[in-house]
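Going by numbering that gives the first Met the number 0, the sequence shown opens with residue 0, and the numbers climb by one from there.
Glycine included, C-beta positions come from ideal geometry on N, C-alpha and C.
Below is one structure; the comments refer to it alone.
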Amino acid sequence: MKNNIEVLRAQHMGFCFGVKEAIDEVDRYVDMNKGQIYVLGMLVHNEFVIDRLQSKGVIFVTEEEVLSGTSPLKKGDIVIIRAHGTIQEVQRALLALEVKLIDMACIYVKSARDQVMIWEKRGYKSVFIGDKDHIEVRGITSYGIDPIIFGNLQELKDANLDRNEQWVFLFQTTYNKFVFVEINEYIVATFPNAKVVKTICGATHQRQMSIEKIAKEVDAMFIIGSEQSSNTKKLFLISQSLNDRSYWIRRPEELTEDMLENVEKIGISAGASTPESVINLIENRISELSSK
Numbered sequence: 000m001k002n003n004i005e006v007l008r009a010q011h012m013g014f015c016f017g018v019k020e021a022i023d024e025v026d027r028y029v030d031m032n033k034g035q036i037y038v039l040g041m042l043v044h045n046e047f048v049i050d051r052l053q054s055k056g057v058i059f060v061t062e063e064e065v066l067s068g069t070s071p072l073k074k075g076d077i078v079i080i081r082a083h084g085t086i087q088e089v090q091r092a093l094l095a096l097e098v099k100l101i102d103m104a105c106i107y108v109k110s111a112r113d114q115v116m117i118w119e120k121r122g123y124k125s126v127f128i129g130d131k132d133h134i135e136v137r138g139i140t141s142y143g144i145d146p147i148i149f150g151n152l153q154e155l156k157d158a159n160l161d162r163n164e165q166w167v168f169l170f171q172t173t174y175n176k177f178v179f180v181e182i183n184e185y186i187v188a189t190f191p192n193a194k195v196v197k198t199i200c201g202a203t204h205q206r207q208m209s210i211e212k213i214a215k216e217v218d219a220m221f222i223i224g225s226e227q228s229s230n231t232k233k234l235f236l237i238s239q240s241l242n243d244r245s246y247w248i249r250r251p252e253e254l255t256e257d258m259l260e261n262v263e264k265i266g267i268s269a270g271a272s273t274p275e276s277v278i279n280l281i282e283n284r285i286s287e288l289s290s291k
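Here you go:
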């Protein structure tokens with residue numbers, strides 16, 4: 000299937016600042032050789048990153064292990080909190096163990112949890128828009144007093160919240176920027192006493208806008224990232240809404256010849272937790288298949 004395929008990279012893609020900083024910090028502690036390094040949960044949602052760190056001896060522990068007392072942690076151990084943050088109860092449990100705690104939660108996650116506490120102290124009741132099962136959402140909302148969580152606009156509408164209440168609305172940092180606009184319009188029109196705090200991170204917005212710019216210009220779009228990555232999923236859904244031939248690729252072997260049929264120009268983007276090495280492998284795979 001010899002075909003000269005042009006590959007266009009989205010202007011903004013791959014590691015965001017917070018993810019890179021978290022990974023670099025783990026690598027730094029490993030290289031310092033100061034003893035066993037533990038990470039709470041998946042540092043970032045990408046199996047290639049996790050596999051590499053495990054090969055360097057990093058041990059990953061779960062929230063459940065910490066709360067149940069079954070983790071291998073002991074006083075003085077180095078524990079790094081992942082980029083998504085964690086729930087308040089787990090953080091307290093870690094402090095009680097007297098471990099050396101390195102909080103590498105993204106600055107946008109830290110800001111969102113601070114905003115929950117700030118606005119509740121002012122008398123507002125918090126509403127969070129995002130995936131209630133995602134650790135970031137669970138973590139941020141754990142700092143509030145009985146916050147209400149909705150996954151989308153329809154859930155918010157169906158709840159019939161008191162229109163005169165002082166609500167503060169916050170969003171998952173990786174929330175779809177375009178859907179946010181629609182929800183924000185509804186909030187402004189419906190709740191006269193509400194405040195909307197823009198907690199969607201800049202990197203998320205950049206990546207989503209970059210896809211919007213190229214998706215209509217190419218024959219097919221490839222969005223690269225783990226199936227566990229929330230922001231990658233949102234990038235894929237945006238791409239899919241703009242280009243019918245959008246593919247979510249986790250690893251090179253998933254890319255097949257039929258995906259390249261009648262394709263002259265391909266657009267590529269990647270989630271904020273996707274390493275450059277994986278992006279390069281996908282590009283090499285495209286080149287390999289198109290030259291057959």
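Supposed close pair residue i, residue j - CB separation, criterion 8 Å
i: Y174; j: I128; result: 6 Å
i: I199; j: A9; result: Not quite, the Cβ-Cβ distance comes to about 18 Å (not below 8 Å), so this is no contact.
i: V196; j: F168; result: 7 Å
i: L7; j: I213; result: 6 Å
i: W118; j: K194; result: 7 Å
i: L305; j: I182; result: Here the chain has residues from 0 to 291 only, and residue 305 is not among them.
i: V4; j: V262; result: The residue asked about is misnamed: residue 4 is Ile in this sequence, not Val. Confirmed, about 6 Å.
i: P293; j: V48; result: Shown here, the chain extends from 0 to 291; a query on residue 293 therefore has no answer.
Check whether residue i and residue j have beta carbons under 7 Å apart
i: K215; j: L236; result: no
i: I248; j: I223; result: yes
i: V60; j: S70; result: yes
i: V57; j: D76; result: no
i: R250; j: H11; result: no
i: E24; j: M116; result: no
i: V108; j: G84; result: yes
i: I101; j: V126; result: no
i: I80; j: A111; result: no
i: Q227; j: S141; result: no
i: G13; j: A269; result: yes
i: K176; j: H204; result: yes
i: A21; j: A82; result: yes
i: E256; j: L288; result: yes
i: H133; j: S225; result: no
Start-to-end residues for the alpha helix (DSSP H) that takes in residue i
i: S209; result: 201 to 213
i: S276; result: 275 to 289
i: T169; result: In the sequence as presented, Thr is not what sits at residue 169; that position holds Leu. Taken as a continuous stretch (DSSP letters only), L169 belongs to no alpha helix (DSSP H), being part of the beta strand (DSSP E) at 166 to 170.
i: Y246; result: Premise fails: Y246 lies in the beta strand (DSSP E), 245 to 248, not in any alpha helix (DSSP H).
i: I139; result: 134 to 140
i: F177; result: 176 to 189
Option in the options with minimal Cα separation from residue i
i: L259; options: S245, A21, E64; result: S245
i: E252; options: E275, P274, R284; result: R284
i: K19; options: S289, V277, A271, I278; result: A271
i: Q35; options: K74, M41, C15; result: K74
i: E62; options: G17, L52, E119, Y37; result: Y37
i: T231; options: V43, F190, R27; result: V43
i: N192; options: K131, D130, Y123; result: Y123
i: N45; options: S276, E287, L288; result: S276
i: V89; options: C105, L52, I4, L39; result: L39
i: F149; options: K131, M41, V262; result: K131
i: I106; options: A202, G68, D243, I278; result: A202
i: I278; options: V262, F170, L254, N261; result: L254
i: C305; options: T172, L52, F221; result: Here the chain has residues from 0 to 291 only, and residue 305 is not among them.
i: F170; options: E164, N163, V178; result: V178
Range of the contiguous beta strand (DSSP E) that encloses residue i
i: A269; result: 264 to 269
i: R8; result: 5 to 8
i: M220; result: 219 to 223
i: Y37; result: 36 to 39
i: K99; result: 99 to 102
i: F59; result: 58 to 60
i: F127; result: 124 to 128
i: S240; result: Note, S240: premise wrong, no beta strand (DSSP E); alpha helix (DSSP H) at 229 to 241.
i: F149; result: 147 to 149
i: I79; result: 77 to 80
Any chain D beta carbon closer than 7 Å to residue i
i: Q227; result: Annotation note: the requested chain D is absent from the structure, which comprises a single protein chain.
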